[in-house]
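Enquirer: In terms of this note's numbering, the sequence shown opens at residue 447 and continues consecutively.
We put the CB at the ideal spot given by N, CA and C, even for glycine.
Small disclaimer: the values here were computed from a predicted structure and weren't measured.
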Amino acid sequence: MLMVGLGQRDTSLVTDMTKEEQEKIMAWIHKNILPRKTPLLDYSSYGIKDLVEHELELYITNNQFKDAMLLCGFYPVDEHLLNWNYCISKKSPAFKKMGW
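Structure follows, in structure tokens:
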């Protein structure tokens, strides 16, 4: 359960979504996010989940996206932050598509 501001909590997980939605999100992550050894602090879970929403035309909460990243093997640099950063490559296809 994570605070999302003004006392609200985001408790939703990617597994709360339909199987089809889960598969689309996981496939997107595997296709568009590349790992690296050092943290990339330029992009957070919140910004990346916006890319997922834009490309898949599917609403996903920040917590659902973070859950999906965990299931895909991407762990946060600091799990205590609201918006997580990961050890992912700036050269990932997701960022090239958006011109980032």
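#1: Restricting to Cα atoms, I'd like to know which of Ser538, Ser535, Lys542 and Asp513 is closest to Leu528.
#2: Looking at the strands, I want to know which residues DSSP matches up with Tyr532.
#3: So the alpha helix (DSSP H) Leu516 belongs to, where does it begin and stop?
#4: Am I right that Met472 and Cys518 are in contact with their C-beta atoms under 8 Å? What's the rounded C-beta distance?
#5: Find out if the Cβ-Cβ distance for the pair Leu504, Lys470 is shorter than 8 Å.
#6: Between Ile506 and chain C, is there a C-beta pair that is closer than 8 Å?
#7: Distance check for Met515 and Glu499, CA to CA, integer angstroms please.
#8: Assuming Asp488 and Lys536 are in contact, meaning their beta carbons sit under 8 Å apart, how far apart are those beta carbons, in whole angstroms?
#9: How many angstroms separate the CA atom of Pro485 from the CA atom of Trp530?
#10: When the Cα atoms are used, what is the spatial distance from Ser490 to Ile479?
Expert: Reading off the structure:
#1: Among Ser538, Ser535, Lys542 and Asp513, the Cα nearest to that of Leu528 is on Asp513.
#2: According to DSSP, which records beta bridges pairwise, Tyr532 is partnered with Leu486 and Pro522.
#3: If you look at Leu516, you'll find it in the alpha helix (DSSP H) that goes Asn508 to Leu517.
#4: That pair is a contact at about 6 Å.
#5: In contact: Leu504 and Lys470 (Cβ atoms closer than 8 Å).
#6: Of the protein chains in the structure, only one exists, and it is not chain C.
#7: Between the alpha carbons of Glu499 and Met515 lies a gap of roughly 14 Å.
#8: Indeed, because the Cβ distance is near 7 Å, the residues count as touching under 8 Å.
#9: Distance between Pro485 and Trp530, taken at the CA atoms: about 11 Å.
#10: Distance between the alpha carbons of Ser490 and Ile479 is about 12 Å.
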